[in-house]
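Scroll down for the structure; my scribbles are underneath it.
Protein chains: 4
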Amino acid sequence: MTRLRLLTAGESHGRGLVGIIEGIPANLSISADYINQQLVRRQKGYGRGGRMKIESDRVEIISGVRWGRTLGSPVALYIENRDWQNWQKGMSVSEEDAQSIEPVVRPRPGHADLAGIIKYAQQDIRNVLERSSARETAMRVALGAVVRRMLDEFGISIGSFVTSVGGEVFQVDTSVLKPKDLLALYSQAEGSEVRCPSADVTSKMKEEIDRAKEGGYSLGGRFVVFATGVPPGLGSHIQWDRRLDGRVAQALMSIQAIKAVSIGEGFEMATSRGSEVMDEMVVEGSFSLKNIKRKTNHAGGIEGGITNGMPVVVKASMKPIPTQRKPLRSVDLATGSYVEAAYERSDICAVAAASVVAEAMLALVIGDALLEKFGGDSIEETKRNLESFLKSL
Amino acid sequence: MTRLRLLTAGESHGRGLVGIIEGIPANLSISADYINQQLVRRQKGYGRGGRMKIESDRVEIISGVRWGRTLGSPVALYIENRDWQNWQKGMSVSEEDAQSIEPVVRPRPGHADLAGIIKYAQQDIRNVLERSSARETAMRVALGAVVRRMLDEFGISIGSFVTSVGGEVFQVDTSVLKPKDLLALYSQAEGSEVRCPSADVTSKMKEEIDRAKEGGYSLGGRFVVFATGVPPGLGSHIQWDRRLDGRVAQALMSIQAIKAVSIGEGFEMATSRGSEVMDEMVVEGSFSLKNIKRKTNHAGGIEGGITNGMPVVVKASMKPIPTQRKPLRSVDLATGSYVEAAYERSDICAVAAASVVAEAMLALVIGDALLEKFGGDSIEETKRNLESFLKSL
Amino acid sequence: MTRLRLLTAGESHGRGLVGIIEGIPANLSISADYINQQLVRRQKGYGRGGRMKIESDRVEIISGVRWGRTLGSPVALYIENRDWQNWQKGMSVSEEDAQSIEPVVRPRPGHADLAGIIKYAQQDIRNVLERSSARETAMRVALGAVVRRMLDEFGISIGSFVTSVGGEVFQVDTSVLKPKDLLALYSQAEGSEVRCPSADVTSKMKEEIDRAKEGGYSLGGRFVVFATGVPPGLGSHIQWDRRLDGRVAQALMSIQAIKAVSIGEGFEMATSRGSEVMDEMVVEGSFSLKNIKRKTNHAGGIEGGITNGMPVVVKASMKPIPTQRKPLRSVDLATGSYVEAAYERSDICAVAAASVVAEAMLALVIGDALLEKFGGDSIEETKRNLESFLKSL
Amino acid sequence: MTRLRLLTAGESHGRGLVGIIEGIPANLSISADYINQQLVRRQKGYGRGGRMKIESDRVEIISGVRWGRTLGSPVALYIENRDWQNWQKGMSVSEEDAQSIEPVVRPRPGHADLAGIIKYAQQDIRNVLERSSARETAMRVALGAVVRRMLDEFGISIGSFVTSVGGEVFQVDTSVLKPKDLLALYSQAEGSEVRCPSADVTSKMKEEIDRAKEGGYSLGGRFVVFATGVPPGLGSHIQWDRRLDGRVAQALMSIQAIKAVSIGEGFEMATSRGSEVMDEMVVEGSFSLKNIKRKTNHAGGIEGGITNGMPVVVKASMKPIPTQRKPLRSVDLATGSYVEAAYERSDICAVAAASVVAEAMLALVIGDALLEKFGGDSIEETKRNLESFLKSL
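Below, the structure written as structure tokens:
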């Protein structure tokens, strides 16, 4: 990202999560309530572990906003950890509290545990897992919410819906979906405990999760995340790292347990004929560049690394959460003997939550690309620039 | 990337391609011949169009190397376009030659054509397609070859093989492949015109390509790209954009026509139970951190955004090349009427070439992460640092 | 900077200042007390305004540290504003409190006031001055203190002393100063209310400040900031933006009211003969690369953008604080008529404070360059790499 | 820089210099002739060594330009080294030519020589000096010329003039100079062999250089570099590394032998009273934000890290060129004994050349900041955005 800069910080059971985002134009209306709505969405989902009940995240805006509007200065957010009181010694910053809780020494396959202690020369796996935990995505969602608020001003909407959990699949051909179709599926998903648009499939997914819970194993799944109303011309073909598809792929793949990303029908197209999957051009209304539309959207709204005016549609695959009740074989780092991997309270399935995090990441990437093209230190300036660009087409 | 910086430049039918890479440690042995071997690999492949015969790319090392060794200064490479003589007027930098060839006005679906002229306020699509063309990947391969040479010094090998072309599939479960298995598949693929390890499937793929050629349509496919010998500890879990999986995803998704990327068995894991796809830990030899190994490699060598010492394995899906002989509907930008999209000489299938480009991109990302962790302004220094790290485990 | 990333946030009268720094190796001992000592140093100084008494900054470490040692994860710091209770409405983030205090409409020459409201499309200058205020340097000092702690581990010391306030000058030829001389001057400066090593000149400077206070005007000055124990080889000549002198210049020039920066005797050398200002080489002890030393240090420890093993010595000039009691002519933005510029409580002279901020900025740049060369995700690893490098010389 | 990216490459006696700049908007008129004019300016100057006669640099535009206009794609430039034929063996990239010339083993004080071989683990100082040489600034000037051409389109002019050589000084108070005054001084300087606006002082400076030549020593000096027509609002106060003054300082300090940089009257202001050096505000014409002007320009056009609409004025000090005929004491790296430092043919005084390089660097920083604020992928779009911003004030 070149216009937005952000850093997040915070351990899973530390005092709280901190995030700073720089580059938000001035004069954007924003409130803690707006951000909190997104945090609530992230915490929902059938099959989440007990911790979600403890948390109920609430953001505090520390800086960058005055009287309900952004100042152009960096926006700092803080989310206090609600169970911090139970961890004040165990996660204390003070040397006085050293060794107040037992170290974690049984690395869990599929987590950063082993690679992390090797990299950072640690003995206690807690010193890694506290940061590698998906807990940190709460702050990504909060920062993403600020950008999402900005995108609202430009008529850009972000949404997502879950298409599979374990073996249960919600079939959908995204290449034929219009913006209103995507938004309708999103809206339906918001009413589902697994964020699946179909009530029927929702029931089956919940049953699958129940079975997994009983069996002591975890489940992964897939989801679609999209943006509608995106103007053409974001991203660029001129250098590999300015392609928007690459940036989207990085942003989504960076979410814990996401292991595959596809732009539009990208995965499926690999086995199709070229003649079947191209998005032919039609003119809607009188001829002008902006009236050239596509009948289909196999490309997921990005051609040559640049948005083409169609909805940006991305699919992601999530592996089953690597922590599961049914033990996995590991090695005790203190003794070198075989043991069961550590088990920290965990979710059975977090696909719904991941889809909400993915929305935040997509918002960040699209928002950055929008500001990259249209500049603008205030919302008014950015709007003027976007409007005069669209008018020029 | 944080240690390596690179920029490429050059139009498809311009004078040539230029690339600069900065951050290569001093004292690395390198030659134009070594780089040329990689350029040759990129140009092969059954189903490539006529242009590949024209080209036969050869690199010139302009700077950064003296007497066969890198200096630590930026390495600049140049690949002359072999058919430049036919384009001297049409792609001239001089205003005098303006309008010497006809503009391209029929945008091709699936290319940067339409989005590009909208973004950059162009009338002639050639001003976009000359840069969006996959021709530029020749320079990525050349720069990647420099890094690949560096990785050789650290015992890191990069390879790839094609697993599907159109409907023809080479079945392989990458989760059970050891380094030697991967390297054997790579070696076999090098002998195949479609870069598929199996002679049988190679035949079928070639037939599929023949049928496509006859039918006037193009084909996509899938491939595996991998790195063996990668030390644990590259990448990081501590911030979303430092995760190696995200960086790999960006690098591969940035290749023309690549539309889906999966780390390890990432796509398949989404429908599996957690208990089936975790890479359990075993100790090989006497107990030490570096002797903790995995029996399987579903994770593709990356856990929590950090390499875990297993081979880094990535899968990519390529859409059919959007240019095909069988015409696609487009709109004439000069008249606004429906027309067939422009047809520039093109490949039927370029999956083999894309897999070679993917190797270069993976080399760049791994090389950057290696230097990020081990620093080092000379090869000797970097080796010392890596060795003392491994010894400390 | 390429290894350390940092963002700061916070308005001058907002709730507090927030900072995140990423890239600090794991296992560094650090405490809030250590950081607070640096914050105290920044707040001292003869001629500071009333606000310094209110504040008494204290940092809270929110993340990245456990049981007294860094984790390798981002370190987040928070400094609460002590007079926040007086500004809860005026600087509230909530729209409900809008217009609860009067806008600032008389831009002050020499501040960001006018340029800032133009850039960010604001009507109330407070929306700019709250962030442009030097108040934000408290967080720079806090983040710099973390890096300073790291530099301690490598035997690198940072210090500074004031050489002029208004017309009063402490004469010193830095080209002949050895590390111990610099540290002695620093130590003497720590005992002076104006951070000047000489008791005599301190008295005169204080008198100068008294006169200025009486006269209603402000004063600038100059200081030296340095680092001793810096290994050779930090920074690079190979690309303009990797030169350490350029990075140091940016870091110091970015401090409020700093308007000139000189590396070593850089300003003075412009009028000297080449034969007078070169730092000739001598061998101390038996011959080896690391025993080649310089008799003088006109270069300020940086040659060709690379540290040469001599102390890094930098001089900075600070303009008089643009806010002064004696009114400056301005324009009322609400009415367009001439008025006196707004007067917010301010310092007469802040050169002492600026020198402390400069230490923090120098620590950040040197720390980044150290990590760039020696890599290292833990203090132990970085030390190993540095030691083996020095041994190789 | 955030919008423009550039890399340069090339050794002083290598085949040639290569540069790539990315981010130049499309549709900018540009020609090799335009760039060559700047290259010629850099090569002039009384007191330059013999090499300047050999060279007569000429740029070739390799990519990013078609029919006289930029494409939006990266612009690659090439400057062949004219005496390459004499160095084909000595600077060959091929291992075959190893040891074809003697190594350089006597490090020159004041150059990157010693620090460079330490950093990059070299034995032959040539492997460092070939890149650290100011020869590489030819490519900076070429890339800067492209940006300069862009700034022309926005009414922004860049210029410079020399104010001292050795002890000879051209007195000027930049705080009272209007744009037309600056441009007049620049114009006069263009007619002087030392780039000094005064014919009288020019004569004295030339005599000073003659004396130095005779005496075998080198000379430094000072110059002013400026930009007129810069709109208000470039740069930002919101984060230390987004301040334009810091970025300017880095860019200028990164020029070989530049050791001090001052924004406006930054150095002088340190000893002035606040009341003497503030740039008070006046309204010219009817009241509006854009009609608020300053009577003076002590600030050098930047307040709070943001341009204020006044000319950006920067002063730089250059040390005497460290290579001089009169020998400096050094150490033979092969034997460890005291020797005279190596002497490569060199200039007596290069202040005039450095001032031309400084123009290029200032153009790059201002151009980047302009694009950062106004976005724009084409010149037309950027102009629209700038104009609507100015209209809004």
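Residue numbers (our numbering), protein chains in the order written: chain A, 1308 to 1700; chain B, 1308 to 1700; chain C, 1308 to 1700; chain D, 1308 to 1700. In this text, a Cβ means the ideal position worked out from N, Cα and C, and glycines have one as well.
The segment 1410-1428 of chain C makes contact with the segment 1616-1634 of chain C, as at least three CB pairs between them are under 8 angstroms.
Rounded to whole angstroms, the gap between the alpha carbons of Cys-1656 of chain C and Ala-1623 of chain D is 26 angstroms.
Bounds of any alpha helix (DSSP H) do not take in Phe-1594 of chain B, whose DSSP letter is neither H nor E.
In the structure shown, Arg-1373 of chain B falls within a strand segment according to DSSP collapsed to helix, strand and coil. Residues of chain A with a Cβ closer than 7 angstroms to the Cβ of Ala-1405 of chain C are, in chain order, Trp-1374 and Gly-1375. Listed along chain C, no residue sits closer than 9 angstroms to Thr-1481 of chain D by beta-carbon distance, the nearest being about 12 angstroms off.
Distance from the CA of Arg-1310 of chain A to the CA of Val-1568 of chain C, rounded to the nearest whole angstrom, comes to 28 angstroms. Of the residues assessed, Trp-1547 of chain D falls on the buried side of the cut-off, its CB having 16 or more other CB atoms within 10 angstroms. Under the Cβ criterion (8 angstroms, minimum of three pairs), the segment 1375-1387 of chain D counts as touching the segment 1537-1553 of chain A. One alpha carbon belongs to Ser-1595 of chain D, the other to Ser-1401 of chain B, and they sit about 44 angstroms apart.
Gly-1498 of chain A counts as exposed, since fewer than 16 other beta carbons sit within 10 angstroms of its beta carbon. A direct Cα-to-Cα measurement between Ile-1342 of chain C and Ala-1558 of chain C gives close to 20 angstroms. Of the residues B:Lys-1597, B:Leu-1678, B:Lys-1633 and B:Leu-1635, the one whose Cα lies closest to the Cα of Leu-1640 of chain A is B:Lys-1597. Between Gly-1451 of chain A and Leu-1678 of chain A, the beta carbon gap of about 15 angstroms keeps them out of contact (Cβ cut-off 8 angstroms). In the structure shown, Phe-1574 of chain D falls within a helical segment according to DSSP collapsed to helix, strand and coil. Here the alpha carbons of Val-1476 of chain B and Ser-1593 of chain B stand approximately 41 angstroms from one another. For Gly-1423 of chain D, the secondary structure class from DSSP, reduced to helix, strand or coil, is helix.
Ser-1336 of chain D is bridged by DSSP to D:Arg-1376. Our two residues, Tyr-1645 of chain B and Arg-1601 of chain A, have alpha carbons roughly 13 angstroms apart in a direct line. Shown here, Val-1620 of chain C sits in a strand according to DSSP, grouped into three states. Distances from the CA of Glu-1443 of chain C to each of C:Arg-1518, C:Leu-1335, C:Asp-1507 and C:Asp-1364 were compared; the closest alpha carbon is that of C:Asp-1364. Cβ contact annotation for Ala-1660 of chain C (same chain, cutoff 6 angstroms, sequence separation greater than five): Arg-1349 and Gly-1352, in chain order. Along the segment 1631-1680 of chain C, the alpha helix (DSSP H) does not occur as any fully enclosed run of 4 or more residues.
When Cβ-Cβ separations below 7 angstroms define contact, Asp-1684 of chain A makes contact with chain C. In the three-state reduction of the DSSP assignment, Glu-1515 of chain C falls in the helix class, which pools H, G and I. Around Ser-1595 of chain D, no beta-carbon contact reaches into chain A at under 7 angstroms, the shortest distance being about 17 angstroms.
In the DSSP annotation of this structure, the continuous segment of the beta strand (DSSP E) that includes Arg-1312 of chain B starts and ends at 1312-1316. Within 7 angstroms of the CB of Ile-1613 of chain B, the CB atoms of chain A belong to Ala-1419, Ala-1422, Gly-1423 and Lys-1426, in sequence order along the chain. Beta bridge pairing from DSSP links Ala-1534 of chain C with C:Ile-1465 and C:Val-1619.
About 7 angstroms separates the beta carbon of Glu-1460 of chain C from that of Leu-1335 of chain C, a gap short enough to meet the 8 angstroms contact definition. About 16 angstroms separates the Cβ atoms of Gly-1674 of chain D and Met-1446 of chain D, ruling out a contact at the 8 angstroms cut-off. Of all residues in the segment 1617-1649 of chain A, only Ser-1624, Met-1625, Lys-1626, Pro-1627, Ile-1628, Pro-1629, Gln-1631, Lys-1633, Leu-1635, Arg-1636, Ser-1637, Val-1638 and Gly-1643 come within less than 7 angstroms of chain B when Cβ atoms are compared, listed by chain position. Between Phe-1461 of chain B and chain C, the shortest Cβ-Cβ separation is not below 7 angstroms. By the Cβ neighbour-count rule, Arg-1652 of chain B is exposed, with fewer than 16 other Cβ atoms within 10 Å of its own.
Here Ile-1686 of chain D carries a helix assignment [DSSP, helix/strand/coil]. Counting every other CB atom within 10 Å of its CB across the protein chains shown gives Asp-1586 of chain B a total of 16 or more, marking it as buried.
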